[in-house]
Structure formats: C-alpha cells, structure tokens
Amino acid sequence: PDTILLRFVSKPDSNTNALIEHQKVETNMLSRTASSTLRLQRRVSAIKIHRLTENTQTTKCRNLLQQFQTQQIRPMSTIEENYDATDAWKKSCYYEIDYTIHEDASVYDAVQRFAAFDIGCLVTVDDKGDITGVVSERDYTSKIALLERDSKETKVKEIATTAANLVTAHPDDSLDVCLQKVLSKEIRHLPILDNDNKVVGMISVKDLVKSVIADREKTIEMITNFSLGRGGHFTD
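Just so we're aligned, residue 304 is where the sequence shown starts under the working numbering, counting upward by one.
This is the structure:
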C-alpha cells in the first residue's frame with residue numbers, strides 16, 4: 304500500500320494535470336483582467352480630469368463674457384483702440400526735428416536736410432506755413448540726378464508732389480488705416496494734417512511697421528498672460 308500511494312503522488316493522472324493547467328490559465332486571465340481594469344481606471348480618471356479642466360475653463364470664459372456684457376471690465380485693447388497716427392509720429396525720427404522746407408528753397412538744401420537728419424522726405428510749405436506738397440529722396444533721384452539737373456538751381460517746388468495729389472493722415476487715424484493708405488498708393492511717407500489742414504506731423508512706413516509690431520507683441524503678451532492665468536489682461 305505504501306508503494307502504491309507514493310507512486311500515485313509522484314505520478315498524478317491526466318485529470319490532475321488538466322486541473323493544474325486550468326488553474327494556471329485562470330490565474331493568467333485574472334492577472335490580465337486586473338491589469339486591463341487598472342489601465343481603464345487610470346484612463347477614466349484622466350478623462351474626468353480633462354473634462355473637469357475644460358468645464359473650469361468654460362466657466363471662466365462664461366463669467367468673463369458676462370462681465371463684458373455688464374461692462375464690469377473692458378475687453379482686451381485692439382490696435383484700432385490704442386495706437387493711432389499721432390502715437391506713431393511721437394516715436395518717429397520726425398518728431399524732434401523740423402521736417403518742413405520752404406517750397407522756394409533749392410533742391411540742394413533739401414538734400415542736405417536729408418543727409419543731416421537721416422530722413423527721406425520733407426513737407427514743403429509756403430510763406431504762411433501751409434503745406435504745399437512733399438519732396439523725397441525719390442524725387443531727387445528721378446527728377447534731378449538721372450536728368451543731370453543742377454540741384455542748386457532747381458527749386459523744391461519744381462520736383463515736389465503737390466498738395467492736390469497728396470495722401471495724408473489725420474491724427475486720429477488708426478495704424479491699420481495709415482498702412483492701407485501707404486500700401487494702396489505705394490508711398491513711403493504720410494504727412495499728418497489736423498482738421499484745419501495744418502501739418503502737425505510726419506510718419507514713414509517704417510514708423511508704422513514698428514508701431515504695429517510693438518502692438519502685436521503687446522497683444523501676444525496679454526493673451527499669453529491670460530492663458531497662464533496671470534493678471535493684467537485688460538486695460539482701463
């Protein structure tokens with residue numbers, strides 16, 4: 304009997320082997336199911352967090368919109384609201400110099416002014432100081448240098464663009480309006496005239512581009528601060 308028992312224990316029959324294999328399969332299945340369940344739980348948690356974040360952002364945006372509608376705060380400033388021709392002129396190289404020249408002055412005098420102030424255009428005026436036109440380096444190149452005329456014997460008014468053909472800006476014109484004017488007419492300078500048609504400033508296309516870039520950078524900074532939850536997104 305002892306020998307028979309030992310032989311039975313050391314050599315299990317086929318049914319016992321099948322049972323062991325079945326238990327191994329069940330164990331592996333349970334392990335994979337547990338792993339899959341854990342991954343699913345983590346994914347569901349991530350989705351819940353994402354949706355909660357979206358809902359929070361939506362709530363913030365809805366609150367801001369309600370504040371806009373009730374005029375509790377003002378929206379972010381735009382280029383049309385903050386920057387105009389006067390602002391561009393104050394940052395221009397023309398702001399601190401005398402950018403006018405008498406229409407009866409010689410072209411040579413105008414060229415000397417161009418070189419001295421490192422500018423490309425002057426406003427021509429009459430005895431009353433009223434604007435009569437503009438004269439530019441381009442006028443000198445095309446109407447004096449190329450034609451081999453004597454700049455000292457030629458008056459500025461002979462080569463200047465007259466006031467009747469001028470494209471001008473108003474002090475309150477936005478930068479967008481000013482850019483549209485210079486691009487549509489393919490010009491590089493805009494005299495600024497007040498309501499009485501008196502010249503009060505001068506801006507170049509370079510001044511406009513610098514001002515637009517500065518405004519865009521300010522807008523990008525405000526949007527970045529807003530997205531990061533920082534303060535100072537709005538203007539008074």
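We put the beta carbon where it would ideally sit given N, CA and C, even for glycine. Being a predicted model, the structure only gives us computed values, none of them experimental.
- The beta carbon of valine 508 sits closer than 6 Å to the beta carbons of Val485, Arg491 from its chain, once the five residues preceding and following it are set aside; these are given in chain order.
- Serine 454 sits away from isoleucine 462, with the two beta carbons spaced by 7 Å or more.
- If you compare the alpha carbons of Thr444, Pro494, Arg441 with that of isoleucine 506, the shortest gap goes to Pro494.
- Closest in alpha carbon position to leucine 496, among Val414, Pro474, Tyr386, Asn468, is Pro474.
- In this structure, Tyr443 is the residue among Val515, Tyr443, Leu478 with its C-alpha nearest to the C-alpha of glutamine 415.
- With respect to the 7 Å criterion, alanine 472 and threonine 435 are not classified as neighbours on the basis of their beta carbons.
- Exclusion of the five residues before and after aspartate 407 leaves Lys458, Val459, Lys460 as the residues of its chain whose Cβ lies within less than 8 Å of its Cβ.
- Between lysine 393 and glycine 423, the alpha-carbon positions lie close to 17 Å from each other.
- As computed with DSSP, valine 438 is found in a beta bridge with Leu425.
- Serine 445 counts as exposed, since fewer than 16 other C-beta atoms from the protein chains shown sit within 10 angstroms of its C-beta.
- A direct Cα-Cα distance of roughly 8 Å separates tyrosine 397 from glycine 504.
- Counting along the chain, the unbroken beta strand (DSSP E) around valine 503 starts and ends at 502 to 507.
- Per the DSSP secondary-structure output, isoleucine 495 pairs in a beta bridge with Ala472, Gly504.
- Per DSSP, reduced to three states, the secondary structure at threonine 464 is strand.
- The beta carbon of glutamate 440 sits closer than 7 Å to those of Phe417, Gly423, all from its chain and outside the five residues before and after it, given in chain order.
- Following the DSSP letters along the chain, one finds threonine 403 in no alpha helix (DSSP H) but inside the beta strand (DSSP E) bounded by residues 403 to 405.
- In this structure, leucine 469 keeps its C-beta atom at 7 Å or more from the C-beta atom of leucine 511.
- In this structure, tyrosine 402 sits near valine 426, with a CB-CB distance shorter than 7 Å.
- Take lysine 488, set aside five residues on each side of it, and the residues of its chain with a beta-carbon closer than 6 Å to its own are Val470, in chain order.
- With a threshold of 16 other beta carbon atoms within 10 Å, threonine 464 meets it and is buried.
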